[in-house]
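Structure record follows, encoded as structure tokens.
Residue numbers (full-length UniProt numbering), protein chains in the order written: chain A, 1 to 478; chain B, 1 to 100.
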């Protein structure tokens, strides 16, 4: 594609996961123009990746939530083709408070700028960094990455492999890999024991939520299929012949170790907030999930007028809740555009809100149970904190002792957050490591200030943007 | 580092490409990263700072650790690029070079 069908849309949705697809579907019920721009080759986001046409779309391995829920949602989205422009494999690298978006176009080396009446960010979640010694070695990968290889390509790790960490996705992947005939040889469970006591008081609400029906059988299946070492309070990885060697500790016991072809790590997911921050959206610290998220009102409106946020990008709540929040945000956008009345917006949103509340009931239990221990959220002295610039935990802590108060100062001192990933892999680690070193809260330390371009874009792509004669003269000073 | 489940391997057409000049093949539907992982590749690049070996961490476009050179253009996120027949894929050593 060398050009977009239009240069302005009433609603631009960024991301085609559960929230983005649902937002587009709801927006398309009114007579408005809708664009969905997404990184991926096909709609579905991470959770429903390849659910409509992937190699394991039948659900035998990946489960019926994926096959039925994800399949139906992605097929319904494909059915919107006449009403919604879907731009896959496009990276949105710019959004500003004039609601102008810059995006790269696939396969032509080109780029485009589009103006939006309203923007719905549905940029989803990414996995929390796991800054332990050795996590940058080849053979180490996130659990989410292995699940992507399974969903999109029907691939499993080759040889004996281990999982280490905690969180629902870790158990889901263990169960799915076992169903594919390739269970992990070992699971190191880092769920802090003290979390159970705190989580217990949220258990009744969890049991009343749809998560209980989904999660409990899955957990039992996974735990039956794989050997689990619980109560792991530290681990590290070293290069070894035939793969990598995983070392772990539990309380007073000494260090145990084993060699694996691959080790997959996971410590939960957090909002993917780069585009929202670059657009100027205000952030808040979410203590329950130990992450930052853009502040939103009950419609998903951010602090930037016209920019709404839906799905896990506003706080982790899962695919079903994300889809409902996408519908709610789209209704708010339609009412702002006067495409529906406020009364209609409120009436149509009510059942979505009620259904979303049922899902959210289950979250406090999951959030408190699987909140990674503080020692895993800060970088160990000998662990890489910033993978791009290869900055260690010791360097970050030392800079904090020398007076660096926050991650933005560290950009100038150590370059963390300045590499190609733009802080996605180190942002939370750097904040938590500084907070630990200074003895203050992550909320006081704050987060990286992020700026466009938030995705890699070449000068040639920027130069390919259409420009007016006045713009050319302004630059060339003719 | 990864292997294909038998059903998935049987279903898709083979796509020939080159990896550091060697003729190899992947499958239709692969990303470049998936094809390399199925070929047993663990390290995709050497870092710009220390020259350390790195392989993909996230496979979803976030970590930028799967960067390779594709058809002479460096810094390609191999997890986001669909594999095409005839591609020339190279390990990236350090920074992207000027003109590549």
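Ideal Cβ positions, reconstructed from N, Cα and C, are used throughout, including at glycine. These numbers were taken from a predicted model, which means no experiment stands behind them.
Worksheet item: If you compare alpha carbons, which of A:150, A:109, A:352, A:311 is closest to residue 460 of chain A?
Response: Ranking the options by Cα distance to residue 460 of chain A, first place goes to A:109.
Item to complete: Rounded to whole angstroms, what's the CA-CA distance from residue 86 of chain A to residue 10 of chain A? Just pull it up for me.
Response: Rounded to the nearest angstrom, the two C-alpha atoms are 14 Å apart.
Item to complete: May I ask which residues mark the beginning and end of the alpha helix (DSSP H) holding residue 274 of chain A?
Response: 274-278
Discussion item. Short of 7 Å in beta carbon distance, which residues of its chain neighbour residue 336 of chain A, apart from the five on each side in sequence? Order them along the chain.
Written reply: 118
Discussion item. So if DSSP puts residue 243 of chain A in a beta bridge, which residue, or which two residues, is it bridged to?
Written reply: According to DSSP, which records beta bridges pairwise, residue 243 of chain A is partnered with A:240.
Item to complete: Could you check which residue in A:443, A:414, A:472 has the C-alpha nearest to that of residue 49 of chain B?
Response: A:414
Fill in: Terminal residues of the alpha helix (DSSP H) in which residue 289 of chain A lies
It is not in any alpha helix (DSSP H) - residue 289 of chain A carries neither H nor E in the DSSP assignment.
Worksheet entry | residue 407 of chain A and residue 417 of chain A closer than 9 Å at C-beta | yes
Worksheet item: Looking only at its own chain, which residues have a Cβ that is under 8 Å from the Cβ of residue 176 of chain A, when we skip the five neighbours before and after it?
Response: When the five nearest sequence neighbours on each side are left out, the beta carbons in the same chain lying within less than 8 Å of the beta carbon of residue 176 of chain A are those of 61, 62, 63, 147, 150, in order along the chain.
Discussion item. Checking 9 Å against the spacing of the C-beta atoms, do residue 114 of chain A and residue 4 of chain A come in under that value?
Written reply: Judged by their CB atoms, residue 114 of chain A and residue 4 of chain A are nearer to each other than the 9 Å cut-off.
Discussion item. Beta-carbon within less than 7 Å of residue 111 of chain A's beta-carbon, same chain only, minus the 5 sequence neighbours each way: which residues are those?
Written reply: 102, 103, 104, 105, 457, 461, 462, 464, 465
Item to complete: Name, please, each residue of chain A whose Cβ falls closer than 9 Å to the Cβ of residue 80 of chain B.
Response: 39, 40, 41, 89, 91
Item to complete: With 9 Å as the threshold, decide whether the Cβ of residue 86 of chain A is near any Cβ in chain B.
Response: no
Discussion item. What does the alpha-carbon distance come out to for the pair residue 244 of chain A and residue 188 of chain A?
Written reply: 15 Å
Item to complete: Can you pull the chain E residues whose beta carbon is under 9 Å from the beta carbon of residue 50 of chain B, in chain order?
Response: Of the chains in the structure shown, none is chain E; the protein chains are A and B.
Practice prompt. Determine which residues share a DSSP beta bridge with residue 92 of chain B and list them.
Written response: B:45
Worksheet item: Can you tell me whether DSSP reads residue 86 of chain A as helix, strand or coil?
Response: strand
Worksheet item: Near residue 41 of chain A, what residues of its chain come up, given a Cβ to Cβ distance below 8 Å and the 5 sequence neighbours on each side ignored?
Response: 88, 89
Practice prompt. Run down chain A in chain order and give the residues with a C-beta less than 9 Å from the C-beta of residue 16 of chain B.
Written response: Under the 9 Å cutoff, chain A gives no residues; its nearest Cβ is about 18 Å from residue 16 of chain B.
Worksheet item: Under three-state DSSP, which class holds residue 368 of chain A?
Response: helix
Worksheet item: Quick one: which chain B residues come within Cβ less than 7 Å of residue 262 of chain A?
Response: 1
Worksheet item: Between the stretch 50-71 of chain B and chain A, which residues of the former have CB atoms less than 8 Å from a CB of the latter, in chain order?
Response: Only those residues of the stretch 50-71 of chain B whose C-beta falls short of 8 Å from the nearest C-beta of chain A are listed: 50, 52, 53, 54, 55, 56, 57, 58, 59, 60, 61, 62, 63, 64, 65, 67.
Fill in: Contact the stretch 340-359 of chain A vs the stretch 267-275 of chain A: 3+ CB pairs below 8 Å
no
Worksheet item: For a contact meaning CB atoms closer than 8 Å, what does residue 4 of chain B contact in chain A?
Response: 153, 154, 155
Worksheet item: Quick one: what's residue 188 of chain A bridged to in DSSP?
Response: A:164, A:229
Worksheet item: Whose Cβ in chain B lies nearer than 8 Å to the Cβ of residue 487 of chain A?
Response: Residue 487 of chain A is absent from the model: chain A starts at 1 and stops at 478.
Worksheet entry | Residues bridged to residue 263 of chain A (per DSSP) | Residue 263 of chain A has A:140, A:162 as its beta-bridge partners, per DSSP.
Practice prompt. Just confirm the distance between the C-beta atoms of residue 80 of chain A and residue 25 of chain A, as a whole number of angstroms; I'd bet it's less than 8 Å.
Written response: 6 Å
Item to complete: Assign residue 298 of chain A to one of two classes, buried (16 or more other C-beta atoms within 10 Å of its C-beta) or exposed (fewer than that).
Response: exposed
Worksheet entry | Residue environment, residue 395 of chain A, which counts as buried when at least 16 other CB atoms sit within 10 Å | buried
Item to complete: Using the Cα positions of residue 255 of chain A and residue 249 of chain A, report the straight-line distance between them to the nearest angstrom.
Response: 5 Å
Item to complete: Given a cut-off of 9 Å, decide if residue 37 of chain A and residue 74 of chain A are closer than it, judged by their beta-carbon atoms.
Response: Contact flag unset, no.
Fill in: Below-9 Å beta-carbon distance, residue 387 of chain A vs any chain B residue
Interface residue, yes.
Fill in: Inter-residue spacing [alpha-carbon to alpha-carbon] between residue 128 of chain A and residue 160 of chain A
Roughly 24 Å between the two C-alpha positions.
Practice prompt. Spell out a yes or no on whether the stretch 19-37 of chain B and the stretch 214-225 of chain A are touching, meaning 3 or more CB-CB pairs, one atom from each, closer than 8 Å.
Written response: no
Worksheet item: Using 8 Å as the Cβ pair cut-off and three pairs as the minimum, do the stretch 203-222 of chain A and the stretch 357-371 of chain A touch?
Response: Short answer: they touch.
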